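Protein chains in written order, with the working numbering: chain A, 95 to 588; chain B, 1495 to 1989; chain C, 682 to 811.
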């Protein structure tokens, strides 16, 4: 059974995705339930896979029994198992509240929505477990298409945001495909492990650099690495809250996963760090992205948009860790994947709660009424904010510790400054929201509070709080996570 | 000799445990306040219970698990930590009683938030006192920053919110400097433990590295220690209610800052490293400048609390200066000054608060004749003033004396001069207040009695403590012994 | 140089198409034209892949007339590399799906805004406080 785990992780979701519309034809509400069960199952399988891999090492599965490099294989190694588990768990927690969010913002569209969600998640998991470079492209497009659809059903401008996302995303994927062409022609293989073995023989070929660059650009779009981030602010802002809560924590992370996989496990640190300046370029673009995202976030009046730009900055932290290409940097990057997933999930769920109860998530319209009506939601927001700023013992502090340590190891003090300065910038835009929600007196003669419950419903509040608690736990236990899982991820040369 | 114990952790947590109780009983003030008092007493007892062991040379240790690979969150109760914890926990009891009187008299809103935040702050402060390594220290230090914010902005006026922003801007910046410094320190030294005599004393590093670490680490704690030019948050934070100013800005927050300076100077860098790499002189210069400039600025203030704020800034740098003098006597004096300045300054702040709450006056120019109406308050104020000027029989004399002796014996005469001038300036900005209160008769306070006993009793108590410790430096809780023990451990028997 | 280009005309042409496609995506204001540009880009990349699969004097990779159990040895050099072709079938499907979704989006945009011009759309969205 354990050998099947790499296959099960995407397939469970894929099967459910195909079944979902059919089930929905019979009974509307069965689709959501199917989705919830499928994601829960997937989380269980992914965690099982992670435990197995940590204890016993890699698991490889050959599709159709065809042996690689001719056949396609799915691989669970510490990196992919970790990501798969994080993706599934975060998705599951969000899914608990997703139904209500869809009910509020997209009545009557439950069936196609959750079918698309299943496709989206299946695509994510596929990207993570595949061991074949072309298969990666296929799953990339699966998840992208589902994503475009899920974004497009939001507010009035959302199809435009989705179209922009589509253009940029498809162009990026095409670049990836073109880059892959170079790699295929130089090595004759598409299997990741195989290519990694063959590649050193062709290191001197200039075509390799071109192919690598194109693939990096392709992944950079998915990851929203500056300056390829343009699709993100509009997409996150105008998408329905459930979509934002799903793609914000996870979507860019699979791009980061693909980048880590390609740079360190296929091409190798020897090439991307020592021979070509690829890691350096990623490093500097990330640094710019951190500063850019943080500054832009300060300028935003609406909460989701602020969080979107904040995400650009936060994913750039991960890029920074990747670009450092040293052990501490990689640990910081991977740890930040799970830390940021929880932080952003919590924050976007807060935005969703606000929209469901208050009808808006406009910062300029927030005042102390918000806190009075939704104390627990705001408490979760506060925890998320403290973590983003980097107050120990929340998770965010420790990501920054590793990234700063990694930067110090390379003697790159400018990066330390970037990381620390962004913490202060984060404080600016988060405290602005906190000040309004806790301190700004509501206008005289405003509407009286509605009778009855004004806090978010339990079904939406629960995931919000779970994420908030998770942020603190991830911080406290980060050493355990690092030593048990992340340290195992070390690729060669690092 | 270290021994494992859960008492340090309990001492930290007891006030945290009170927080949910406070929140739940927000509608019943008497019950709510009793949690605060109860937690304060419990904390004091727990801390006190470890005193005999510390005096004996035994160190209680609580290990809380790995927080980063290779680094554990650890609490350790040594002499320095014990002294700070004693000061904080004792004064918390008195401040809690005082707070109750103050908020009732001044009709402050949001009392639940106030008392809950106080409880968290005290947890963090004890945590800082008992931190065994830099990462534990940073964790509690940052928690203190966040927990004090609701107290600074308590009144929720635009001015208060602005002060809160300024406070955060300064303290969070200090926090990130600490993060960078700590990460670097770990790379350079391979450990983050506080070691008597200096973690870095056996580590070989370039001058640039040592200086860089010094700037980051001392700068990081220097914000809360209000060393100029990092001091600007402190006068602004005076917009908070007086008990907040009293405890936090005379005891918890700022003393955490100088405590941090002492830890960095004595337990991370150490006297040898500081001397060898030329780190002490710049620090001494900043401290000396701060002492003089703050004292002069104090003279220029008419608002009583602001005058006291600048006075605090000056006195904090006494301690920083003491750390920079690389002398065992001076170091001991600096450690002792944590305690002596705390009791004296809190007396003055309590008095200022009583005047505000009861007589509704904030400015010194309006205080003529108030001594007749509020004799206990102003007498206590007088006692505190005498001590701050460095005169016996109040305890301020002995800490200052020690620092002075240390300055002279280590050949740092300019520091001695700074101390003497500052003493004169202290008298200049404090004695006239006492004079006006008692010897400038005025009718404006006729019929006004003393402030509420809830406020007067604590301030008389702290004044009394100042005198008691002034005459018996080592009385009751052996503060002098503790300070001397710290100096001995840092200077390795060279005392 | 001329020989090189003549020998690799397929790549040169495809590269030209890539540029055309990118140009359309970036510069054209009409969303449909952008979409067409995307299609051109994708088609060009597909062409590059297919072109690389060719070999001199090679034929279509279909085994003629032999049913199961081929007795004589097959010289791989006689046949085009089939792998890129199959991969590109997948890529074509992806392209079609993307185009389909894109059209759905365009219809939705047109219904809501009445225009498919990017500049006008941005103005409308900005005015609405987007």
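In this text, a Cβ means the ideal position worked out from N, Cα and C, and glycines have one as well.
Quick caveat, the model's predicted, so the values are computed rather than measured.
Q) In whole angstroms, what separates the C-alpha of residue 683 of chain C from that of residue 689 of chain C? A) 10 Å
Q: In angstroms with no decimal places, state the Cα-to-Cα distance between residue 359 of chain A and residue 585 of chain A.
A: 6 Å
Q. If you compare alpha carbons, which of B/1682, B/1758, B/1500 and B/1727 is closest to residue 1743 of chain B?
A. B/1727
Q) With burial defined as no fewer than 16 other Cβ atoms inside 10 Å of the residue's Cβ, what is the status of residue 1630 of chain B: buried or exposed? A) buried
Q: Kindly list the residues whose CB is nearer than 6 Å to the CB of residue 1749 of chain B, restricted to its own chain and excluding five residues on each side of it in sequence; keep chain order.
A: 1832
Q: Count the CB pairs spanning the segment 196-213 of chain A and the segment 755-772 of chain C that are closer than 8 Å, and state whether there are at least three.
A: no
Q | Cutoff 8 Å: residue 1717 of chain B Cβ touching any chain A Cβ | A | no
Q) Among A/286, A/219 and A/341, which has the Cα closest to the Cα of residue 439 of chain A? A) A/341
(Q) My output table needs one value for residue 594 of chain A: the three-state DSSP class, helix, strand or coil. (A) Because chain A spans 95 through 588 in this model, residue 594 of chain A falls outside it and cannot be assessed.
Q. In the DSSP assignment, what residue or residues form a beta bridge with residue 154 of chain A?
A. A/169
Q: Would you please verify whether the beta carbon of residue 237 of chain A is less than 8 Å from any beta carbon of chain C?
A: no
**Q.** Span separating the alpha-carbon of residue 563 of chain A from that of residue 104 of chain A
**A.** 28 Å
Q: Grab me the residues of residue 271 of chain A's own chain with a C-beta within less than 7 Å of its C-beta, minus the 5 sequence neighbours each way, in chain order.
A: 231
Q) Could you give the distance in angstroms between the alpha-carbon of residue 1809 of chain B and the alpha-carbon of residue 390 of chain A? A) 42 Å
Q | Host alpha helix (DSSP H) of residue 343 of chain A (start-end) | A | 335-354
Q: Determine the direct distance from the alpha carbon of residue 347 of chain A to that of residue 1988 of chain B, and round the result to whole angstroms.
A: Residue confidence is low: residue 1988 of chain B scores 37 on pLDDT, short of 50, so the model does not pin down where it sits. Its coordinate-derived value is still stated next. If I take the Cα positions, the gap works out to 57 Å.
(Q) Just checking: is the beta-carbon of residue 494 of chain A within a distance shorter than 8 Å of some beta-carbon in chain B? (A) yes
Q. Can you list the residues of chain A that residue 713 of chain C reaches, using a CB-CB cut of under 7 Å?
A. In chain order: nothing, as chain A lies at least about 11 Å away.
(Q) By the three-class DSSP mapping on this structure, what secondary structure does residue 202 of chain A have? (A) coil
Q: Please list the partners that residue 529 of chain A has in chain B, where partner means a Cβ-to-Cβ separation under 7 Å.
A: 1655
Q. Quick one: what's got a C-beta closer than 7 Å to residue 1712 of chain B's C-beta in the same chain, skipping five residues either side?
A. 1755, 1758 and 1777
(Q) Under 8 Å, Cβ to Cβ, is there at least one residue of chain A near residue 1966 of chain B? (A) no
Q: For the segment 495-509 of chain A, enumerate the residues whose C-beta is nearer than 7 Å to any C-beta of chain B, in chain order.
A: 495, 498, 499, 502 and 503
Q) Can you tell me the Cα-Cα spacing of residue 1914 of chain B and residue 574 of chain A, whole angstroms? A) 54 Å
Q | Nearest-angstrom Cα separation, counted from residue 369 of chain A out to residue 302 of chain A | A | 12 Å
Q.
Against chain A, does residue 793 of chain C count as a neighbour if the rule is that its beta carbon must be under 8 Å from one of theirs?
A. yes
Q.
At a CB distance below 7 Å, what residues from the segment 264-281 of chain A approach chain C? Give them in sequence order.
A. 264, 265, 268, 271, 272, 275 and 279
Q) Between residue 1774 of chain B and residue 1720 of chain B, which are expected to be in contact by the criterion C-beta below 8 Å, what is the C-beta distance as a whole number of angstroms? A) Between residue 1720 of chain B and residue 1774 of chain B the Cβ distance is about 19 Å, and since that is not below 8 Å, they are no contact.
Q.
Tell me the DSSP secondary structure of residue 1560 of chain B in three-state form.
A. strand
Q.
Please list, in chain order, the residues of the segment 213-237 of chain A that have any C-beta partner in chain B closer than 7 Å.
A. none
Q: Name, please, each residue of chain C whose Cβ falls closer than 7 Å to the Cβ of residue 246 of chain A.
A: 786 and 789
Q | Interface residues of the segment 773-785 of chain C facing chain A [CB-CB below 7 Å] | A | 775, 778, 779, 782 and 783
Q. Between residue 490 of chain A and residue 1926 of chain B, what straight-line distance do the alpha-carbon atoms span, to the nearest angstrom?
A. 51 Å
Q: Can you grab the Cα-Cα spacing for the pair residue 1814 of chain B / residue 572 of chain A, in whole Å?
A: 35 Å
Q. Which value, in whole angstroms, describes the spacing of the CA atoms of residue 150 of chain A and residue 426 of chain A?
A. 24 Å
Q. Is it the case that the Cβ atoms of residue 357 of chain A and residue 373 of chain A are separated by a distance below 8 Å?
A. yes
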